[in-house]
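What follows is one structure encoded as structure tokens, with my remarks underneath.
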């Protein structure tokens, strides 16, 4: 049996790889973060496969149901709404449970592709031979500690942030690193893709004149 970890587009549906399409066509069932989101991708490429919901709020019964599908000899693909499963995403929990139950009898295969993390790093103009990735920053609990990691990191720091907290988070970082430079990507690969660059106060000023919409990826360089 096989479990394929399939990267999907983060906005532009043309960013899907040929191998990912072949994989989605070949499996018995596709595990989706949101079946409605994945349906749009499948419809565009005329892929008619059953889907099953699996996301961060899935209960253990749902994982058991998935493990039973492997027991029945099914090959599955795991996708998230956008990007690479397991990167700031609950995909690794399913992989862990699968390995615990089946070991090497199930082959877990990465089908690499788009990630907002690497997309921003590739256009940042910053040396990203080494960097610290923090996923989504916590809203409250643990936030002070994680901001200390940003402050003390010897390497560029990359993280994800929502439109609701992006300005607050950048202001928090400005308070601890007032002279740092940042690269902020908004809606990467989508129609309104925007890249802000410069010292953090300059970027905040640019963003004040634009609506805070969509998803953000941030790189902080000391």
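In our numbering, the protein residues as written are 10 to 231. All C-beta atoms in this analysis are idealised placements derived from N, C-alpha and C, irrespective of residue type, glycine included. What you are looking at is a predicted structure, and each value in this text was computed from that prediction instead of being measured.
- prompt: Just how far apart, CA to CA, sit residue 187 and residue 139?
  reply: 22 Å
- request: Taking residue 17 as the reference, give the member of 39, 91, 34, 49 with the closest Cα.
  value: 91
message: Starting from residue 86, trace the beta strand (DSSP E) in both directions and tell me its first and last residue.
response: 85–87
Residue interval of the beta strand (DSSP E) (run including residue 185): Segment 175–185 is the alpha helix (DSSP H) holding residue 185; no beta strand (DSSP E) there.
Uninterrupted beta strand (DSSP E) stretches inside the region 123–173 (no shorter than 3 residues): 141–145, 166–171
- prompt: Where do the ends of the beta strand (DSSP E) carrying residue 224 lie?
  reply: 224–230
task: Starting from residue 190, follow the alpha helix (DSSP H) in both directions and report where the run begins and ends.
output: Element bounds for residue 190: not the alpha helix (DSSP H) but the beta strand (DSSP E), 190–195.
message: Measuring straight from C-alpha to C-alpha, what distance separates residue 159 and residue 22?
response: 33 Å
- prompt: Is residue 15 helix, strand or coil when you go by DSSP?
  reply: strand
query: In three-state DSSP terms, what is residue 100?
result: helix
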